[in-house]
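Going by the working numbering, the sequence shown wraps up at 290, each residue one higher than the last.
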Amino acid sequence: MEIRNQKIEIRSIGDGDWYWIPRVIFEDYTPKIGVIGLALYNAYSSYARDKGVAFPSQRTLAEKLGVSIKTIIKYNRVLEANGLIKVERKKGKGKTNLVTLLKVENVKQVQTHPVTGSVKVVKEVQTKENNMKENTIEVDAKASPIDVIDYFKKRVKELKGFCSEIDYGKDGRLAKERLKKYSFDEIKNLIDWYLNSENFEKFGASLSVCLSNFIVNLWKAKKVGERNIESLYPLWREGS
């Protein structure tokens, strides 16, 4: 078939029928959220357009992406845990969730050259629009907030015999912050210590409590033998 003289049209942003997603989602977040998470975020962006909010049903999303509703629910939690969306869950038959696409910071990942036999580490340089300072943070390249959540749920089930309730938005954001400062192995050690301590009896199976500054300080003090740390932190307040 002769196509040499056929006119080739190149797509143009001026055509108007378009939507956008931040480049950083594809470049930096895909390894964390997977291709299904990327496809789901892409779908929300399509529905939201320039409004920043979307409310397609889980059934519609499942049909569009060719996956199950259970998979949509799972990856909603993955996107929430990575700070990409906020889901306002509506109760009642026929109600659809309201999904807000959150602002994503510009994150450039620079791969370091690890020493042979060492754990691979990624340095993230985060630059905020209103702040010219660059903060270099080392994070565990093999861990994600979902890994922390899954480990907590597994250990609660193993040690306490029941399934813990998870706030994927709040717990995920806090897990993400802790992974910037502690390795995944250290966080697992913290979780195991918390679940076997008297603090669990006081505060229950709450991951946000386990990862709070108060509990982290107690755990660190336990490691260095500071027995009187509780006198320095007599009160625990939710959200600390």
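The beta-carbon is built from N, C-alpha and C at its ideal position, and this holds for glycine as well. Source: prediction; values computed, not measured.
Contacting residues, own chain, Cβ-Cβ under 8 Å from residue i (five flanking each side not counted)
i: Ile-58; result: none
i: Lys-140; result: Thr-146, Asn-147, Leu-148
i: Gly-102; result: Thr-150, Leu-151
Residues near residue i by beta carbon distance below 7 Å, same chain, minus five either side
i: Val-137; result: Asn-126, Glu-130, Asn-147, Val-149
i: Ala-255; result: Val-206, Lys-210, Ser-214
i: Phe-253; result: Val-259
i: Ala-104; result: Tyr-94, Tyr-97, Ala-98, Val-149
Straight-line gap, residue i to residue j (C-alpha atoms, nearest Å)
i: Ala-271; j: Ile-119; result: 44 Å
i: Trp-70; j: Ala-89; result: 13 Å
i: Ser-247; j: Lys-230; result: 25 Å
i: Ile-196; j: Trp-68; result: 32 Å
i: Lys-226; j: Val-128; result: 12 Å
i: Ile-187; j: Leu-134; result: Only weak support exists for where Ile-187 lies, its pLDDT of 31 falling under 50; the value from the coordinates is given anyway. Ile-187 and Leu-134: Cα-Cα distance of roughly 19 Å.
i: Gly-116; j: Tyr-91; result: 15 Å
i: Gly-84; j: Arg-73; result: 15 Å
Sequence-distant residues of its chain with Cβ nearer than 6 Å to residue i (five each side left out)
i: Pro-106; result: Tyr-97
i: Trp-269; result: Leu-240, Trp-243
i: Ser-258; result: Lys-220, Asp-221, Leu-224
Range of the contiguous beta strand (DSSP E) that encloses residue i
i: Val-154; result: Segment: none, Val-154 is in no beta strand (DSSP E) and carries neither H nor E.
Candidates the options: closest to residue i by CA position
i: Glu-77; options: Cys-260, Phe-253, Ile-196, Val-154; result: Val-154
i: Asp-217; options: Asn-92, Val-74, Asn-132; result: Asn-132
i: Ala-112; options: Ile-86, Ser-95, Ala-104; result: Ile-86
i: Lys-124; options: Glu-251, Arg-73, Lys-114, Asp-200; result: Asp-200
Enclosing alpha helix (DSSP H) for residue i [first to last residue]
i: Val-117; result: Neither: Val-117 is in no alpha helix (DSSP H) and is coded neither H nor E.
i: Lys-82; result: 80-98
i: Glu-251; result: 248-253
i: Ile-241; result: 234-245
i: Glu-227; result: 218-231
Integer Cβ distance of residue i from residue j, believed to fall under 8 Å
i: Ile-296; j: Asn-249; result: Nothing in the structure corresponds to residue 296, since the chain is present only between 51 and 290.
Cβ-heavy atom distance, residue i to the ligand ADP, below 7 Å
i: Glu-236; result: As far as ligands go, the structure on display features none, and thus does not contain the ligand ADP.
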